[in-house]
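S.K.: In terms of numbering that gives the first Met the number 0, the sequence shown opens at residue 0 and continues consecutively.
This structure is in structure tokens; I'll ask about it shortly.
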Amino acid sequence: MSLPLPGVLAEIAAVTDEATALRIAMHVGGLQKVYFPAQVGDDHWLIGLVGRQAAEAICAHFAVDGRGQRLDIPLAGGGTYQQMRRTIARRVHELDQAGASSREIARQVGLSQRRVHAHRAAHRGHRDKKQGELF
């Protein structure tokens with residue numbers, strides 16, 4: 000995991016992936032405590048948001064002695080929408096520089112491939128500031 004996710008979101012990303020943690024943060028981040036049951040039911044909001052497999056993994060991870068828990072879900076990326084957008088853009092750029100396909104970047108970060116292509120187009124021709132000049 001390479002996004003600096005706070006607390007509970009880092010745990011969710013470790014159990015599932017970054018995209019799932021960010022999706023949960025966008026949906027319920029910053030609200031009062033959110034209940035995660037020990038056994039997720041068919042009509043639970045988490046299944047609709049992240050899918051059954053991820054929902055079951057998250058709920059099992061946070062269950063204590065077979066009981067669900069109420070957790071504070073922080074806002075992703077430090078708290079503001081702009082910070083979250085910058086964090087996602089930075090991650091897209093990192094994966095792009097590492098040679099990942101647009102499909103893989105979209106899957107890992109939780110964006111559409113179209114958004115990944117738009118990011119690439121916006122940054123095409125901009126050199127990495129960490130790199131020296133050859134000419």
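Glycine is no exception: its CB is placed at the ideal position from the N, C-alpha and C atoms.
Computed from a predicted model, the values in this text were never measured in an experiment.
Is Gln81 helix, strand or coil when you go by DSSP?
M.R.: Within the sequence shown, residue 81 is the residue found at index 82, counting from 1. Gln81 falls in the helix class under three-state DSSP.
S.K.: Which whole-angstrom value is the C-beta distance of Thr15 and Ala53, which I expect to be below 8 Å?
M.R.: Counting from 1 along the sequence shown, the entry for residue 15 is found at position 16. Counting from 1 along the sequence shown, the entry for residue 53 is found at position 54. 5 Å between Cβ atoms; contact.
S.K.: Less than 7 Å separating the beta-carbons of Leu45 and His26?
M.R.: What you label residue 45 is simply residue 46 of the sequence shown in a count that begins at 1. What you label residue 26 is simply residue 27 of the sequence shown in a count that begins at 1. Taking 7 Å as the Cβ cut-off, Leu45 and His26 do not qualify as a contacting pair.
S.K.: Is the distance from the Cβ of Ser101 to the Cβ of Val115 below 7 Å?
M.R.: Against the sequence shown, residue 101 aligns to sequence position 102. Against the sequence shown, residue 115 aligns to sequence position 116. The answer is yes: Cβ separation under 7 Å.
S.K.: How many Å lie between Met0 and Ala12 at the Cα?
M.R.: Counting from one through the sequence shown, the residue named residue 0 turns up at place 1. Counting from one through the sequence shown, the residue named residue 12 turns up at place 13. Interpretation of Met0 is limited by its pLDDT of 42, a score under 50 that renders its predicted location unreliable; no figure is taken from the coordinates.
S.K.: Given this structure, state the Cα-to-Cα distance separating Val7 from Gly50, to the nearest angstrom.
M.R.: As a first step, residue 7 is located in the sequence shown; it is residue number 8 there, counting from the start. As a first step, residue 50 is located in the sequence shown; it is residue number 51 there, counting from the start. C-alpha separation (whole angstroms): 19 Å.
S.K.: Please determine if the stretch 31-46 and the stretch 62-73 are in contact, where contact requires at least 3 C-beta pairs separated by less than 8 Å.
M.R.: Counting Cβ pairs under 8 Å, three or more are found: they touch.
S.K.: Please classify Ala120: does DSSP put it in a helix, a strand, or coil?
M.R.: Along the sequence shown, one-based indexing puts residue 120 at 121. Correct three-state label for Ala120: helix.
S.K.: In or out: Ala59 buried (at least 16 other Cβ within 10 Å) or exposed?
M.R.: Working through the sequence shown from its first residue, we reach residue 59 at position 60. Flag for Ala59 reads exposed.
S.K.: From this set, Gln38, His43, Arg89, Gly109, which residue's C-alpha is nearest Arg119's C-alpha?
M.R.: Counting from 1 along the sequence shown, the entry for residue 119 is found at position 120. If we check each option's Cα against that of Arg119, Arg89 comes out closest.
S.K.: Which runs of the alpha helix (DSSP H) at least 4 residues long sit entirely within the stretch 34-94? Give them in chain order.
M.R.: Listed in chain order, the complete alpha helix (DSSP H) runs (minimum 4 residues) inside the stretch 34-94 are 44-49, 51-61.
S.K.: Could you name the residues of the same chain whose beta carbon sits closer than 7 Å to that of Ile104, not counting the 5 residues immediately before and after it, in chain order?
M.R.: In the sequence shown, residue 104 corresponds to position 105, counting from 1. Contacts found: Val91, Leu94, Asp95, Val115.
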